[in-house]
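Since the structure comes first, as structure tokens, the remarks are kept for the end.
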DNA sequence: AGAGTTCGGAACTGATTGGTACAATACACG
DNA sequence: CGTGTATTGTACCAATCAGTTCCGAACTCT
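Chains as they are written, first to last, in the working numbering: chain A, 1 to 197; chain B, 1001 to 1197.
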């Protein structure tokens, strides 16, 4: 009955994700978003209400895309040993950083920022990180060394690996030449070498 | 020759550290700082030039105080086994978080933020984190299991533990009830259990 | 006591923040 | 081919940002 939208909503969210991913929630200004999304103020506020709502949509999309990809890798049946799936995830994370992609992980960056004082954003970030942890637990179930762990122990180990993942992603973002990114895979290997309790 | 300053510079920096620690560099507004430091705009700019310079002084102070305390713990001769020193550091970090102190680590928060695009801030943060790593290496030298490691292997292990430390501190700040803070000590214990290469 | 300086505090600046109001526009439907 | 409706783009808004200016007050030294 009226004029149709000139842009694709999903495209816009994808582009917004790029901006938020690079700059973080607070440091992505509205002009930044408008340029990255290729639309104007009026369109953005009509379609997405406000900056925070847009960010929540972006987090949702990130969870579908990036977290989903990680989960797929962590449950890949073509790699029978779950330990190798986890190592592969860390290798890939380190590799993109070493290739010059210093965006890190959108969720990890958000977790370190002041925007966590907003309960809705905090809930979305928590959900995403729990998705990664769930993927890690799936992989641990497929590890010959760890599959016999009880639920609590498996969850604890997944938490440890998740902590390591966050540290790696923060360091990847920081541009700091500490060498920790390069040796991160050794670290996870070390975590997985240790025998179950 | 003139009117003396009504505040102590070191006190002011300490108070500024409190504000930056809680809110982060970007999110600490000038009114926040003025209130926390108990002085007015004119005084602040006369004494500290600008916000960034003040933050660099705060980072310096943090390195002396917090990083210094960590290093002291990591080289404490009363704990002969360096592994226990490291575990103690993580226990303490987790404990303050579980007691409700969600400030995390000033350096780790800064490392995850956009302020790292400033080279002076990045350099100061790097120096602080390298201080922590140096402390970890010192402790590893006092570990019966690890003291025979060559320099590269010890440094790699220290990097791994540092990565874990950053992840823990970010999670402590995030308020997320992921359970990773509670089990973090297990994680480091796991890292230290593994035999040397 | 008087001269010389520095400090403290408030008013102000220009830029930028996220968000809104509204008019012009372009399309779908009848 | 017009009418109605949703989108678009621009101009605007108040609030806040870091930083500056300036004058009166307070103190030290002679």
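Ideal Cβ placement from N, Cα and C applies to all residues, glycine included.
Residue-level contact by beta carbon fails for residue 127 of chain A and chain B, as no gap is shorter than 7 Å. The C-beta of residue 164 of chain A comes closer than 7 Å to at least one C-beta of chain B.
Around the beta-carbon of residue 184 of chain A, 16 or more other beta-carbon atoms lie within 10 Å, marking it buried. Under a 10 Å Cβ-count criterion, residue 1053 of chain B is classified as exposed, with fewer than 16 other Cβ atoms of the shown protein chains found around its own Cβ. With a beta-carbon spacing of about 6 Å, residue 132 of chain A and residue 67 of chain A fall inside the 8 Å limit used to define contacts. Nearest CB-CB separation between residue 1116 of chain B and chain A: below the 7 Å threshold. The beta carbon of residue 9 of chain A is closer than 7 Å to those of 47 in its chain, skipping five residues each way along the sequence.
Interface with chain A (7 Å Cβ-Cβ cutoff): residue 1174 of chain B is included.
Between residue 1170 of chain B and chain A, the shortest Cβ-Cβ separation is below 7 Å. Going by beta carbons, residue 1096 of chain B and residue 1107 of chain B fall outside the 7 Å limit.
Judged by DSSP secondary structure, residue 45 of chain A falls within the alpha helix (DSSP H) whose first and last residues are 41 to 48.
In this structure, residue 112 of chain A lies away from residue 1110 of chain B, with their beta-carbon atoms at least 7 Å apart. Contact between the segment 29 to 44 of chain A and the segment 70 to 81 of chain A is not established, with fewer than three Cβ pairs separated by less than 8 Å. Using a CB distance cut-off of 7 Å, residue 1186 of chain B counts as an interface residue toward chain A.
The beta carbons of residue 1159 of chain B and residue 180 of chain A sit closer together than 7 Å. If you draw a straight line from the Cα of residue 100 of chain A to the Cα of residue 174 of chain A, it is about 12 Å long. If the five residues before and after residue 1040 of chain B are omitted, its C-beta is found closer than 7 Å to the C-beta atoms of 1034, all from its own chain and listed in chain order. The beta carbon of residue 103 of chain A does not come within 7 Å of any beta carbon belonging to chain B, so the residue lies off that interface. Along the length of the segment 123 to 188 of chain A, whole alpha helix (DSSP H) runs at least 4 residues long occupy 151 to 174, reported in chain order. Cβ atoms of residue 82 of chain A and residue 141 of chain A come within 8 Å of each other, at about 7 Å.
For residue 71 of chain A, none of the residues of chain B pass the 7 Å Cβ criterion, the least Cβ distance being about 16 Å. The beta carbons of residue 1028 of chain B and residue 1020 of chain B sit closer together than 7 Å. Going by C-alpha positions, residue 138 of chain A is about 21 Å away from residue 167 of chain A. Pairing residue 121 of chain A with residue 1170 of chain B, the inter-Cα distance amounts to about 16 Å.
Residue 1025 of chain B and residue 1049 of chain B have their C-alpha atoms spaced approximately 16 Å apart.
Using a Cβ distance threshold of 7 Å, residue 104 of chain A and residue 172 of chain A count as a contacting pair. Against residue 91 of chain A, chain B offers no close residue; the least beta-carbon distance is about 15 Å (beta-carbon pairs closer than 9 Å). Take residue 1161 of chain B, set aside five residues on each side of it, and the residues of its chain with a beta-carbon closer than 7 Å to its own are 1086, 1136, 1188 and 1191, in chain order. The beta carbons of residue 1163 of chain B and residue 164 of chain A sit closer together than 7 Å. The continuous stretches of alpha helix (DSSP H) do not include residue 7 of chain A, and DSSP gives it neither H nor E. Residue 19 of chain A is outside the set of residues whose beta carbon lies under 7 Å from a beta carbon in chain B. The straight-line gap separating the alpha-carbon atoms of residue 1065 of chain B and residue 14 of chain A is approximately 43 Å. Looking from the CA of residue 55 of chain A, the closest CA among A:115, A:88 and A:38 belongs to A:115. From the listed residues A:128, A:92 and A:42, the smallest Cα separation to residue 61 of chain A is found for A:128. Residue environment for residue 147 of chain A: exposed (fewer than 16 other C-beta atoms within 10 angstroms of its C-beta).
With its beta carbon less than 7 Å from one in chain A, residue 1160 of chain B belongs to the interface.
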